[in-house]
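Visitor: Residue numbers (the working numbering): 53 to 120.
#1: Can you give the beta carbon distance from residue 93 to residue 77, rounded, assuming they're within the 8 Å contact cut?
#2: Give me the Cβ distance between residue 98 and residue 65, rounded to the nearest whole Å; I'm assuming they're in contact under 8 Å.
#3: Using the C-alpha atoms, what's the distance from residue 111 back to residue 75?
#4: Using 8 Å as the threshold, is the C-beta distance between residue 72 and residue 115 below it?
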């Protein structure tokens with residue numbers, strides 16, 4: 053797999069693996085090469101928002117429900 057050079061000093065994002073299967077999200081990936089230098093995703097420090105309570109709430113709200 054080729055290495056993609058990220059613009060403006062952007063670093064590869066951490067991949068999070070939820071414990072439960074999650075609902076599919078309807079969105080398109082952002083192409084790093086199409087971002088502006090002042091884009092939110094380049095400036096944000098995601099580690100600041102990393103919180104186990106938040107992950108638990110997201111899992112509770114968006115986990116796939118199995119049919120009984």
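The beta-carbon is built from N, C-alpha and C at its ideal position, and this holds for glycine as well.
Guide: So, from the listed chains and residues:
#1: The pair is not a contact, with the Cβ atoms about 16 Å apart (cut-off 8 Å).
#2: 7 Å
#3: 10 Å
#4: yes
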